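Student: In my numbering, the protein residues as written are 2 to 280.
Here is the structure:
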């Protein structure tokens, strides 16, 4: 005959329960300890460790501050999405064509036999904008530094030493920025129109101020405007890949040529200049 106590153990295990009955009063404590150890061992064997995932905790979207109401947030979210879209196409154009692209030659050197810089440099910046961790690089709609209120015409600003990861977008941006579906429309040209006509180019400029993206390397080296960035590529191409305006002009120029008006673009109204050439 099977003792009642052993029968209880068998029944418990048969039911799929991994716990042994508590020893009755007077039971040998050595047996109870051994039982507890066995139970602990069985439990540890059935526990699955959480696998390592290097993306845990990553911030994949640009943080937007609570000061942005739902209307402003929608505009900013779309603008930031298009910034990533613009940077992704610039990256893909370089990967497809490299220095064979007249646009790459124009903006990063090599046109007319002049020296050129490695395409790895702009590729790196565009890739960081597309896929880099956003961390706490926040976009705000309030005016903590009072620059929107006191600086005439400002549509936004990087907060600099006040908060190196933060950018303020002032009210004029929401009134005048355009989206990428109007590139090459409404009289827009890359060379003659304002560089910050579109949310995508404006925000590309702004994220390149933030150390999380720029690592303090991207700066303003070229003279202002389209002619300035083309001249920099001819005279000092090593700096072109780190020039904020160059990165913006290249991105919008190849987007215009490849996407907005395929094979045509809208670089300039100068009829003596083809799409990939300087003005």
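Cβ atoms here follow ideal geometry from the backbone N, Cα and C, with glycine treated the same way. Since we're looking at a predicted model, the values are computed, not measured.
Between residue 262 and residue 190, what straight-line distance do the alpha-carbon atoms span, to the nearest angstrom?
Tutor: In a straight line, the C-alpha of residue 262 is about 12 angstroms away from that of residue 190.
Student: Can you give the Cα-Cα distance for residue 149 and residue 195, rounded to whole angstroms?
Tutor: Going from the Cα of residue 149 to the Cα of residue 195 covers about 20 angstroms.
Student: What residue ranges within the region 185-233 form continuous alpha helix (DSSP H) runs of no fewer than 4 residues, ordered along the chain?
Tutor: Entirely contained in the region 185-233, the alpha helix (DSSP H) runs reaching 4 residues are, in chain order, 200-208, 212-215.
Student: From the DSSP output, which residues share a beta bridge with residue 179?
Tutor: According to DSSP, which records beta bridges pairwise, residue 179 is partnered with 199.
Student: Three-state secondary structure (DSSP) at residue 63?
Tutor: Coil at residue 63, not helix or strand.
Student: Reducing DSSP to helix, strand and coil, say where residue 155 ends up.
Tutor: Of the three classes helix, strand and coil, the one that applies to residue 155 here is coil, per DSSP.
Student: Tell me the residue span of the alpha helix (DSSP H) that contains residue 131.
Tutor: That run of the alpha helix (DSSP H) goes 121-132.
Student: What residue from 59, 123, 192 has the CA that sits closest to residue 90's CA?
Tutor: The residue with the shortest Cα to Cα distance from residue 90 is 123.
Student: Here's the rule: buried if 16 or more other CB atoms are within 10 angstroms of the residue's CB, otherwise exposed. What is residue 177?
Tutor: Label assigned to residue 177: exposed.
Student: Exposed or buried, what is residue 43 when buried is set at 16 or more other beta-carbons lying within 10 Å of its beta-carbon?
Tutor: For residue 43, the predicted model reports a pLDDT of 49, less than 50, meaning its position is unreliable; a value from the coordinates is still stated below. Residue 43 comes out exposed.
Student: Which of the three DSSP states is assigned to residue 268 in this structure?
Tutor: In the structure shown, residue 268 sits in coil (DSSP, three-state: anything other than H, G, I, E or B).
Student: Determine the DSSP secondary structure at residue 168, reduced to helix, strand or coil.
Tutor: Strand.
Student: Between 186, 182, 143, which has its C-alpha nearest residue 174's C-alpha?
Tutor: Nearest of 186, 182, 143 to residue 174, Cα basis: 143.
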